[in-house]
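Protein chains in written order, with our numbering: chain A, 1 to 304; chain B, 1001 to 1439. What follows is a single structure, written as structure tokens, with notes after it.
Have a look at this one:
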């Protein structure tokens, strides 16, 4: 029971990170119908940006780790957003209206580029930061196994929740969110009604990247280590989360992220940690084959 | 007049200033600093401001030139009329002759010891990728099914040979088609459930299947020996004559001095023959009803169904045939390497093969072969150039730069020649005396 509770806590923490990345996939898919294959690598890049900025602030300027992390979080959001803005402009914008697979292939190229760009500039090895904020609260004690909740985990879940609230507000209540939902339903009609579609799509990429950057910073905080090949597997898992939740649906992405995080930790605990990636990949395949609209998504109707 | 001449210049200046700012933003932490562990395994930052400034300058310069180029007088565009490509009928036979002569020429020029590397890495390895590229081109270029797990079939072929050869005692001639059929069977099994999916979903599911197969190969120690891999399986023989020194070997039988390169030359011709077979099959199939159905399916699936084509059967054959050639290539890979481990079958490998097909462009068989030679050969060539180490430092690894460039090239290809991916259809019947005029 204690182990179950502990894994529940770990799973929710991991699920928050996956959920944040999954929103980037689901929003882009919703608005331009493209699987943004490079999103996982944008996430990895943001973790590297966060790592470098954190080292710069703590070593170069002697800022304490706590305040430094807050600054890093926002700076990494801004810089990753700029990256994704440029990526959209360079790699995807011209491809709207091209044949169906063109954006996906372009995104695979972008993903290859980003992973190797970071490898070339930062080296292929693991980069680990000294642990900080690693105090824990014991929830149960005296039993066979002490269930603990670390400050990190509280921070991760709290930041995720706060961001989701802010993000929900943006999508539901602001003119930008309205334009975004309009483009999602019918980009041509939205353009006729005076919505700047290009700008809205660019902003979607920017928001997706900012959320991925938060996930990247939290990932760095949680694991304390990042390497340049870290974009692929978390990326695929977050995409699985988006698919499981119903691609195009924002609450679905968060729900899917939580589900994937929980399944992964529980699978690792109770079955075999060797095959925990197989669990995520099989969920991806099974969902796409048998339930392509996911848990909360709209069914995809093919119109002729 | 003067203001009209000055305005594009000043606009270019303004645009490039903005571009410089953006490049600076992109490059700021990731290029300006590098984190490396010190002796206590703590990360330490080192600043690289010259590199950072070089990138900014590069951004400025490129954007400046681009702006000037864009604001050039538009009348120049009329000159850029497409010139009709000449049919180069001599090209294919000449290329074939060069390929056949290549290993013997290398052997004559460099001697058996130095020729080893040239026949192996620049010959057999490139030809294997050509074979893989032609195989994937059936699935992607002809049928329009994006298969991101192609390397799984390659792995099935390689593991198939490495496991079956010691188990059954059959020669590789018997196992070569078996490996192909095994991979085709897997292609059928994987293809069957994913048929209903749309293009990009299909790509993702094949990716998932490919990764699952690899993870199983890593963890199923009892059969695959995990990361350590399989080795010690029977190698290549020349119709029963093993390539070993001694009286029973190939060299003694033909009365020549033993050299390791003989085996590779034989393997080279074997791969060449199979690659040409794959080429022949895919060119021929395009003229058969099946090949036409593939291309029709790629262009419009709904129209195909409306015309009564069995889309499931068509997709499955494309999948299985592509997988068949990957399986055969995997078997040959096992023979070349003498060692099979999961690390040879990562997603990067799938991406490389896809890049070969994409950059090959025009869906043309020749383009795919050129792209394979370029992508696989370039990194080997770069590795040879030792002076690059002097410029970029001791731990310069060209493979990373290769994939970096491949990524950029894929994006560029999709942006500037998106239809280059799929095969162009030459009109089968043309009216008039000069069919060349149409191309």
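We treat Cβ as the ideally placed atom computed from N, Cα and C, and that holds for glycine. This one's a predicted model, so the numbers in the text were calculated from it and none came from an experiment.
Item to check | Start-to-end residues for the alpha helix (DSSP H) that takes in residue 1346 of chain B | outcome: Annotation for residue 1346 of chain B: no alpha helix (DSSP H) segment contains it, and DSSP assigns it neither H nor E.
Next on the checklist: Looking at chain A, is there any beta carbon in it that lies within less than 7 Å of the beta carbon of residue 1408 of chain B?
Outcome noted: Residue 1408 of chain B counts as touching chain A.
Item to check | 8 Å contact criterion, which residue 1148 of chain B and residue 1210 of chain B should meet: CB distance rounded | outcome: At roughly 7 Å, the Cβ-Cβ gap stays under 8 Å, so residue 1148 of chain B and residue 1210 of chain B are in contact.
Checklist entry - Within 7 Å (strictly less), CB to CB, does residue 150 of chain A reach chain B? => result Look at residue 150 of chain A: its C-beta is not under 7 Å from any C-beta on chain B.
Item to check | Where residue 1070 of chain B meets chain A, residues with beta-carbon distance less than 8 Å | outcome: Per Cβ cutoff of 8 Å: no residues; residue 1070 of chain B is ~15 Å from chain A at best.
Checklist entry - Can you list, in chain order, the residues of the segment 1190-1210 of chain B whose Cβ is nearer than 7 Å to any Cβ on chain A? => result Result list: 1193, 1194, 1197, 1199, 1200, 1201, 1203, 1204, 1205, 1208 and 1209.
Checklist entry - Between the segment 276-298 of chain A and chain D, which residues of the former have a C-beta closer than 8 Å to a C-beta of the latter? => result Within the model displayed, chain D is absent; protein chains A and B are what it includes.
Checklist entry - According to DSSP, is residue 1234 of chain B helix, strand or coil? => result It is coil, neither helix nor strand.
Checklist entry - At which residues does the beta strand (DSSP E) containing residue 1033 of chain B begin and terminate? => result Element bounds for residue 1033 of chain B: 1033-1037.
Checklist entry - Any beta-carbon of chain B closer than 7 Å to the one on residue 109 of chain A? => result Between residue 109 of chain A and chain B, the shortest Cβ-Cβ separation is below 7 Å.
Checklist entry - Is residue 1194 of chain B buried or exposed, if buried means 16 or more other CB atoms sit within 10 Å of its CB? => result Result: buried.
Next on the checklist: Taking a contact to mean a Cβ-Cβ separation below 7 Å, would you say residue 1297 of chain B touches residue 1283 of chain B in this structure?
Outcome noted: Contact flag unset, no.
Checklist entry - With respect to 6 Å, is the separation between the Cβ of residue 1014 of chain B and the closest non-hydrogen atom of the ligand NAP below this value? => result With respect to the ligand NAP, the structure offers nothing, as it holds no ligand at all.
Next on the checklist: Checking 7 Å against the spacing of the C-beta atoms, do residue 20 of chain A and residue 278 of chain A come in under that value?
Outcome noted: No, the Cβ-Cβ distance between residue 20 of chain A and residue 278 of chain A is not below 7 Å.
Checklist entry - Nearest CA to the CA of residue 1192 of chain B: which residue from B:1031, B:1326 and B:1320? => result Comparing Cα-Cα distances from residue 1192 of chain B to each of B:1031, B:1326 and B:1320, the minimum goes to B:1320.
Item to check | With 16 other Cβ atoms within 10 Å as the buried cut-off, status of residue 1262 of chain B | outcome: Buried: at least 16 other Cβ atoms inside 10 Å.
Checklist entry - Is DSSP giving residue 1146 of chain B helix, strand or coil here? => result DSSP, read as helix, strand or coil, puts residue 1146 of chain B in coil.
Next on the checklist: Considering only DSSP beta bridges, list what residue 127 of chain A is partnered with.
Outcome noted: Bridge partners of residue 127 of chain A: A:226.
Checklist entry - Which value, in whole angstroms, describes the spacing of the CA atoms of residue 1347 of chain B and residue 297 of chain A? => result Computed Cα separation, rounded: 29 Å.
Checklist entry - Taking Cβ positions, are residue 1360 of chain B and residue 113 of chain A nearer each other than 7 Å? => result Their beta carbons are not under 7 Å apart, which means residue 1360 of chain B does not touch residue 113 of chain A by this criterion.
Next on the checklist: If the cut-off is 8 Å on Cβ atoms, which residues from the segment 127-141 of chain A count as contacting chain B, listed in chain order?
Outcome noted: Those residues of the segment 127-141 of chain A placed with their C-beta closer than 8 Å to a C-beta in chain B are 127, 128, 129 and 130, ordered along the chain.
Item to check | Member of A:49, A:87 and A:37 whose CA lies at the smallest distance from the CA of residue 75 of chain A | outcome: Comparing Cα positions, the closest option is A:49.
Item to check | 7 Å Cβ shell around residue 266 of chain A - same chain, five flanking residues per side excluded | outcome: The residues are 7 and 11.
Next on the checklist: For residue 101 of chain A, tell me which candidate among B:1140, B:1114, B:1093 and B:1123 has the shortest Cα-Cα distance.
Outcome noted: Of the candidates B:1140, B:1114, B:1093 and B:1123, the one whose C-alpha sits nearest the C-alpha of residue 101 of chain A is B:1140.
Item to check | Length of the line joining the Cα atoms of residue 1055 of chain B and residue 17 of chain A | outcome: Their backbone Cα atoms lie some 32 Å apart in a straight line.
Next on the checklist: Quick check on DSSP: helix, strand or coil for residue 247 of chain A?
Outcome noted: Coil.
Next on the checklist: Please list, in chain order, the residues of the segment 1235-1249 of chain B that have any C-beta partner in chain A closer than 8 Å.
Outcome noted: Taking a C-beta cut-off of 8 Å against chain A, none of the residues of the segment 1235-1249 of chain B qualify.
Next on the checklist: Looking at residue 116 of chain A: is its Cβ nearer than 7 Å to the Cβ of residue 227 of chain A?
Outcome noted: Against a cut-off of 7 Å, the Cβ pair of residue 227 of chain A and residue 116 of chain A comes out as no contact.
Next on the checklist: Tell me which residues of the segment 91-107 of chain A have at least one Cβ-Cβ distance to chain B shorter than 8 Å, keeping chain order.
Outcome noted: Closer than 8 Å at the C-beta level to chain B, one finds these residues of the segment 91-107 of chain A: 91, 94, 95, 98, 99, 100, 101, 102, 103, 104, 105 and 106.
Checklist entry - Do residue 1027 of chain B and residue 1060 of chain B have their C-beta atoms within less than 7 Å of each other? => result The answer is no: Cβ separation not under 7 Å.
Item to check | Per-residue burial, residue 152 of chain A [other beta carbons within 10 Å of its own, 16 or more giving buried] | outcome: With 16 or more other Cβ atoms within 10 Å, it is buried.
Item to check | Nearest to residue 232 of chain A (by Cα), restricted to the options A:4, A:286, A:61 and A:41 | outcome: Scanning A:4, A:286, A:61 and A:41 for the CA closest to the CA of residue 232 of chain A turns up A:41.
Checklist entry - What whole-angstrom Cβ distance do residue 1266 of chain B and residue 1236 of chain B have, given they're in contact under 8 Å? => result Rounded, the Cβ-Cβ distance is 7 Å, consistent with contact.
Item to check | Interface flag, residue 1228 of chain B vs chain A, CB-CB below 7 Å | outcome: Output row for residue 1228 of chain B: interface = no.
Checklist entry - Could you give the uninterrupted runs of the beta strand (DSSP E) lying entirely in the segment 27-55 of chain A, keeping only those of 3 residues or more? => result DSSP runs (the beta strand (DSSP E)) wholly in the segment 27-55 of chain A: none.
Item to check | Residues, ordered as in the chain, of the segment 48-63 of chain A that lie near chain B by beta-carbon distance below 9 Å | outcome: So the close ones are 48, 49, 50, 51, 52, 53, 55, 56, 59 and 60.
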